[in-house]
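Colleague: Under this note's numbering, the first residue of the sequence shown carries the number 2, and numbering increases by one thereafter.
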Amino acid sequence: MTEPAETIAERLHAAFDSLTRAERQLADSLLQNYPVSGLGSITLVAKAAGVSTPTVARMVQKLGFTGFPDFQAELRRELEAKISDPITKHDTWVEKAPDAHILNRFTDAVMGNIRQTLTQIDIETFDRACTLLADPGQSVYVVGGRITRSLADYFFMHMQVLRADVTQIQSMSNAWVHYLLDMKPGDVVVIFDVRRYENATLKLAEMAREKGARIILFTDQWRSPVHEFADCTFCGRIVVPSAWDSSVTLMLMLEIVIAEVQEHTWASTRKRMEELEDMFDRTRFFRKFT
2 MTEPAETIAE RLHAAFDSLT RAERQLADSL LQNYPVSGLG SITLVAKAAG
52 VSTPTVARMV QKLGFTGFPD FQAELRRELE AKISDPITKH DTWVEKAPDA
102 HILNRFTDAV MGNIRQTLTQ IDIETFDRAC TLLADPGQSV YVVGGRITRS
152 LADYFFMHMQ VLRADVTQIQ SMSNAWVHYL LDMKPGDVVV IFDVRRYENA
202 TLKLAEMARE KGARIILFTD QWRSPVHEFA DCTFCGRIVV PSAWDSSVTL
252 MLMLEIVIAE VQEHTWASTR KRMEELEDMF DRTRFFRKFT
């Protein structure tokens, strides 16, 4: 299956500045419960946004669709992709698999994901997220889900070296609620959540927001519902010719963030690294060949 260059949500964000006031109102309405918000009749979609039906028709054409039915067909395709399980994803790729070797097909898909993701990153959002993460006055919490906890582990390990007061929330345990007890206004919660979004993660985001925390979300191109509570959202494209989604793009984004936070905190980070290396030497944690 060939993935479209952009999701409708990405098209809406890219076109937002060129939309009329009524069209912006419609775009906001569509994004509030995306993509389900666009699946009613054109009359219901217009009514929910408080605009006219001609406004809906004009905006979908601005987004590159021939009309509202074409727009909804793409929304349904996105929704199907969003909720598809690993078996369904595998069967879809097998049916459409080209003759090229998997090494080439998989790599091409990943490279396309990276290119498309990087074009969608907002520089101001990136800089704001790194500034939040580098602020020594605020605690940082990191949480992932069933699959994305490996990304959370990687990010946590590096952040723990870069700065003090970093905590990993054990998302697979019912004890995650305990971490909210010490959360303060201004603290930063980094959340990883990709499709088949987890209910516990959404609830944690909601409750953390109520505590005054600021949320940095790493998600896929369809955007986790956690986006509603996030201060900074990074959407990495994840589709590859496999039953499993790819984490390559999200890992790339993480490594770039880690590198930038390191630049912000280098004076204190260098001391932490030196102390850590001394402890490694004392414990003989690593082998030395000199």
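The C-beta atom is built at its ideal place from N, Cα and C for all residues, glycine as well.
Let me confirm a value: Q169 is counted as buried when at least 16 other C-beta atoms fall within 10 Å, else exposed. Which label applies?
Modeller: Buried: at least 16 other Cβ atoms inside 10 Å.
Colleague: Closest to D154 by CA distance: which of L40, V162 and V143 is it?
Modeller: Among L40, V162 and V143, the Cα nearest to that of D154 is on V143.
Colleague: Residues in its own chain within less than 6 Å of P5 by CB, not counting five upstream and five downstream?
Modeller: Per-residue confidence for P5 stands at a pLDDT of 48, beneath the threshold of 50, marking its modelled position as unreliable; no derived number is given.
Colleague: So is M158 in contact with chain C if we call contact Cβ pairs under 8 Å?
Modeller: The structure shown contains no chain C; it is built from a single protein chain.
Colleague: I'd like the list of long-range same chain contacts for M241, defined as Cβ closer than 7 Å, with 5 residues on each side in sequence excluded.
Modeller: First, the residue type needs correcting, since residue 241 is Val and not Met in the sequence shown. Cβ within range, chain order: F107, A110, V111 and S247.
Colleague: My parser needs the alpha helix (DSSP H) runs of 4 or more residues fully inside the segment 83 to 171; what are they?
Modeller: Runs of the alpha helix (DSSP H) inside the segment 83 to 171: 87 to 97, 103 to 121, 124 to 135 and 150 to 163.
Colleague: Tell me the rounded alpha-carbon separation between G41 and A49.
Modeller: Using only the alpha carbons, I get a separation of about 10 Å.
Colleague: Nearest-angstrom Cα distance between S269 and R164?
Modeller: The straight-line gap from Cα to Cα measures roughly 7 Å.
Colleague: R77: buried (16+ other C-beta within 10 angstroms of its C-beta) or exposed?
Modeller: R77 comes out exposed.
Colleague: How many angstroms separate the CA atom of L181 from the CA atom of F230?
Modeller: Whole-angstrom Cα-Cα distance: 16 Å.
Colleague: At what residues does the beta strand (DSSP E) containing I216 begin and finish?
Modeller: From DSSP, the beta strand (DSSP E) with I216 extends over R215 to T220.
Colleague: Quick check on DSSP: helix, strand or coil for F235?
Modeller: Note: F235 maps to strand in three-state DSSP.
Colleague: Given a threshold of 16 other Cβ atoms within 10 Å of its Cβ, counted over all protein chains shown, does G237 qualify as buried or as exposed?
Modeller: By the 10 Å Cβ count, G237 comes out buried.
Colleague: Going by beta carbon distance, what residues of the same chain come within less than 7 Å of E207, once the five residues before and after it are set aside?
Modeller: For E207, where only same-chain residues beyond five positions count, the Cβ hits under 7 Å are F230.
Colleague: Of all the options N200, D188 and M160, which has the alpha carbon lying nearest to the alpha carbon of N175?
Modeller: Out of N200, D188 and M160, N200 has the C-alpha closest to the C-alpha of N175.
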